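Student: Residue numbers (UniProt numbering): 1 to 253. Positions of the beta carbon are idealized from the N, C-alpha and C atoms, including for glycine. Quantities reported herein were computed from a predicted structural model and do not represent experimental measurements. I have a structure I would like to understand better, so I am pasting it below and will then ask my questions one at a time.
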Amino acid sequence: MGPHREHIRGPPPPPLRHPLLHKRDWTPNVNRNRYIDCFFTDSVEQHLRDFLNEVNHLSGSKIDNLSSQERQALRELRSKENIVIKPADKGGAIVLQNLEDYISEAHRQLADNSFYSPQSSDQTLEVMKKLRSLLQNFETDTQEDIKLLLPPNPCSGYFYLLPKWHKIYALLEQVVLDSEKPINDENVIHLARKYCITPPGRPIVSGINTPTEYLSAYVDSFLQPLLKSIPSYIQDTTHFLRRLQEIPYIQEG
């Protein structure tokens, strides 16, 4: 039996359905191919045993890449309840922020009624009712598909902020005296404390386990392939550089 024929023998495949509507419970049939079974039994299991032995050996003699003082400092920072540790919105930095400043920025943004409105109670159950009613008219094969688009134990979204540390420099430029300039990486923290400048936060609402999480992913799977047809679409930095090369040279003046 050839390697390709082994995968196409047997009963015809089931009707094509969207991958997000499939339950993640498929396992391959046993004894489909004795060569594959032999490979997994002998080779893969041996590799796993060797890997576990190596991990067990290293776990007893692992080398810490931090000094004892640095490790102690991390433990102390983690135990502090008056600071917030978040990744910066851009640049890959880690920002340690006063908890009061973080909460104050969150209140400032949530008080903007053009984006947020206070609710007297948790709206999760109400949203689930609306979604179930909407999905009743959804063209799927069975009612089981509808269940796969709704989380079993939904909850409300989680609001948090990522500090826009890169904006600190521009904010300081507006208030810092000329005698204290230029602002650089060495004095920026000192000046931010002196003038009580805190970075604005990028608001994020985590959609994990919210009522629309699965449905959003389902819709997104159809929209993603269409993005490339938009004239302004840029895939990544390499794509952007290629697009720049397509622009004709413009002489100065």
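Could you please give the first and the last residue of the uninterrupted beta strand (DSSP E) stretch that includes P163?
Tutor: Per DSSP, P163 belongs to the beta strand (DSSP E) from 158-163.
Student: Is Y160 near the ligand SAH, going by C-beta to nearest heavy atom under 7 Å?
Tutor: What this structure holds is no ligand at all, so the ligand SAH is not there to describe.
Student: Note down, in chain order, each residue of its chain lying with its Cβ closer than 8 Å to the Cβ of I94, except the 5 sequence neighbours on either side.
Tutor: Hits under 8 Å: I85, K86, P87, A88.
Student: Does Q174 come out as helix, strand or coil in the three-state DSSP assignment?
Tutor: The answer is coil: DSSP assigns Q174 none of H, G, I, E or B.
Student: Name the one or two DSSP bridge partners that residue 275 has.
Tutor: No statement about residue 275 is possible, as the shown extent of the chain runs from 1 to 253 and does not include it.
Student: At which residue ranges does the region 171-210 contain complete beta strand (DSSP E) runs of 3 or more residues, listed in the order of the chain?
Tutor: The region 171-210 contains these whole beta strand (DSSP E) runs: 201-206.
Student: Could you tell me the boundaries of the alpha helix (DSSP H) in which V127 lies?
Tutor: Residues 124-135.
Student: Mind checking which residues open and close the alpha helix (DSSP H) that includes S79?
Tutor: Here the alpha helix (DSSP H) through S79 covers 68-79.
Student: Using beta-carbon positions only, say whether K164 and P203 come within less than 8 Å of one another.
Tutor: Going by C-beta atoms, K164 is not nearer than 8 Å to P203.
Student: Less than 8 Å between the C-beta atoms of V127 and Y158, yes or no?
Tutor: Not a contact, by the Cβ cut-off of 8 Å.
Student: Helix, strand or coil: how does DSSP classify S120 here?
Tutor: Residue state, collapsed to three classes: coil.
Student: Just mark G201 as buried or exposed, buried being the case when its beta carbon has 16 or more other beta carbons within 10 Å.
Tutor: With 16 or more Cβ atoms within 10 Å of its Cβ, G201 is classed as buried.
Student: Using the Cα positions of L162 and D101, report the straight-line distance between them to the nearest angstrom.
Tutor: Using only the alpha carbons, I get a separation of about 13 Å.
Student: By Cβ distance below 8 Å, which residues in the same chain neighbour Q235 in space, the five residues on each side in sequence not counted?
Tutor: So the qualifying residues of the chain are K228.
Student: Who are the near neighbours of P15 in its chain, counting only those whose CB is closer than 6 Å to its CB and skipping five residues on each side?
Tutor: Note on P15: pLDDT 49, under 50, position unreliable in the model; no value is reported.
Student: On the DSSP letters alone, give me the boundaries of the alpha helix (DSSP H) that P248 sits inside.
Tutor: P248 -> no alpha helix (DSSP H), and no H or E assigned at all.
Student: Of the residues S156, L110, S133, R71, which one's Cα is nearest the Cα of I146?
Tutor: Checked all of S156, L110, S133, R71; the closest Cα to I146 is S133.
Student: Given a threshold of 16 other Cβ atoms within 10 Å of its Cβ, counted over all protein chains shown, does T210 qualify as buried or as exposed?
Tutor: So T210 counts as buried.
Student: Which two residues bound the contiguous alpha helix (DSSP H) that contains P225?
Tutor: Unbroken alpha helix (DSSP H) run through P225: 213-227.
Student: What's the call for L131, buried or exposed, on a 16-neighbour Cβ count within 10 Å?
Tutor: Per the 10 Å Cβ criterion, buried.
Student: Looking at C-alpha atoms only, which residue of I183, Y160, L48 is the closest neighbour of A170?
Tutor: Of the candidates I183, Y160, L48, the one whose C-alpha sits nearest the C-alpha of A170 is I183.
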